[in-house]
Amino acid sequence: MAIEHLFSLHTGYIDFTGYLRYLDSIQARMPVHVYEFASDPAHHDLNARSSLHDAWLQSLTIGETAEGSRQEMRQTEVRLCLLGPYHDRRIHLHYTAVEAYAFQSPARHGEPRYSHTAHGDLLAHAIWINPAGMLVHDMVFERGSTLRIECADIRHAQEPLQ
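So the mapping is simple: this note's numbering equals the position in the sequence shown, first residue as 1, plus 1361.
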């Protein structure tokens, strides 16, 4: 299940019907809190304040947690902070036991539209399970930037702004 399946071939617009069916089919293989986040319409709804749609990337941090007497047992984690679509909250995503990640952002030389938008709005995101059983979170931004994180767990939180 790749993010491309969110887009209707007939209209070119985002269509969550197939994605929600897919999530229902893998619900038993996902942690409850990940399924609840992934299937909550408020995290996709174009008019919801808690939606990731139209959110802006504020920070992406990649780090390693360490345990053991020499800090030799290490795991990768990724933290993502988005400014909500109404600019009234921060949306925090924390990915643990990360096996792979990729962030690609195409050059947009000479395109005035992108001279001040950085990555632009988050257009769509989808969580799925790869053949190895890892959670995969795919995101596509307005600029054409893509972010993919493959991990064992995803935690979601929101922080209201004053």
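Heads up, the beta-carbon is just placed ideally off N, CA and C, and yes, glycines get one too.
Which listed residue (the options) has its alpha carbon closest to that of residue i
i       : options                               : result
Thr1309 : Gln1419, Ala1403 and Leu1508          : Residue 1309 lies beyond the range of the chain shown here (1362 to 1523); nothing can be said about it.
Asn1408 : Arg1382, Gly1445 and Gln1432          : Gly1445
Pro1473 : Arg1504, Asp1376, Gln1523 and Tyr1374 : Arg1504
Leu1413 : Thr1422, Gly1471 and Pro1402          : Pro1402
Phe1536 : His1404, His1470 and Ile1423          : With the chain running from 1362 to 1523 in the structure shown, residue 1536 is simply not present.
Ile1375 : Tyr1383, His1405 and Leu1384          : His1405
His1455 : Gln1523, Phe1377 and Thr1426          : Thr1426
Tyr1462 : Ile1510, Gln1436, Gly1481 and His1480 : Ile1510
Residue i vs residue j beta-carbon contact at 8 angstroms
i       : j       : result
Ile1488 : Val1497 : yes
Phe1398 : Ile1515 : yes
Glu1460 : Met1434 : no
His1476 : Ser1506 : At residue 1476 the sequence reads Ser, which differs from the His that was named. No; because the gap between Cβ atoms is not below 8 angstroms, this pair is not in contact.
Ala1416 : Leu1381 : no
Ala1458 : Cys1512 : yes
Tyr1447 : Arg1410 : yes
Asp1449 : Leu1522 : yes
CA-to-CA distance, residue j to residue i, given in whole angstroms
i       : j       : result
His1453 : Leu1441 : 6 angstroms
Ala1485 : Arg1431 : 41 angstroms
Leu1483 : Tyr1383 : 21 angstroms
Met1362 : Pro1492 : Confidence is the limiting factor: at Met1362 the pLDDT is only 48, short of 50, which leaves the residue's position unreliable, though a coordinate-based value still follows. Rounded to the nearest angstrom, the two C-alpha atoms are 10 angstroms apart.
Glu1520 : Arg1451 : 5 angstroms
Phe1377 : His1394 : 19 angstroms
Ala1518 : His1470 : 35 angstroms
Pro1392 : Glu1438 : 17 angstroms
Leu1421 : Glu1428 : 23 angstroms
Ser1400 : Asp1499 : 14 angstroms
* Quick one: complete beta strand (DSSP E) runs, 3+ long, within the stretch 1411–1466? -> Restricting attention to beta strand (DSSP E) runs no shorter than 3 residues, the stretch 1411–1466 encloses them at 1417–1428, 1434–1444, 1450–1459 and 1461–1465, ordered along the chain.
Secondary structure, beta strand (DSSP E): runs of 3+ residues fully inside the stretch 1488–1517:
Within the stretch 1488–1517, the complete beta strand (DSSP E) runs of at least 3 residues are 1496–1502 and 1507–1512.
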